[in-house]
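Asks: Using my numbering, you'd call the opening residue of the sequence shown number 4 and step up by one each time.
Glycine included, every Cβ here is placed at the ideal spot set by N, Cα and C.
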Amino acid sequence: VAINRGEACEVVLPASPFLNVVQWQRKEGHGQLTDGILALPAISATVWMN
Numbered sequence: 004v005a006i007n008r009g010e011a012c013e014v015v016l017p018a019s020p021f022l023n024v025v026q027w028q029r030k031e032g033h034g035q036l037t038d039g040i041l042a043l044p045a046i047s048a049t050v051w052m053n
């Protein structure tokens, strides 16, 4: 779950064997994941599944 309580933002997710974002699929919400960058709309929540 990615929760944003402020302005829209982008978060660079570090490369990690424990955080394999390539396999993530958005199940609910409006966040976007592109090339390891998580873009979140203002005041939002996005649910991701592996």
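1. Using the rule of at least 16 other Cβ atoms within 10 Å of the residue's Cβ for burial, across every protein chain shown, is residue 34 buried or exposed?
2. Who are the Cβ neighbours of residue 10 in its own chain at under 6 Å, not counting the five residues just before and after it?
3. Run the CB neighbour count on residue 53, radius 10 Å, all protein chains shown included, and call it buried at 16 or more, exposed below.
4. Which residue from 13, 32 and 26 puts its Cα closest to that of residue 40?
5. DSSP three-state call for residue 24: helix, strand or coil?
Replies: This is what the structure gives:
1. buried
2. 45
3. Exposed is the call here.
4. With respect to the C-alpha of residue 40, the residue from 13, 32 and 26 having the closest C-alpha is 13.
5. helix
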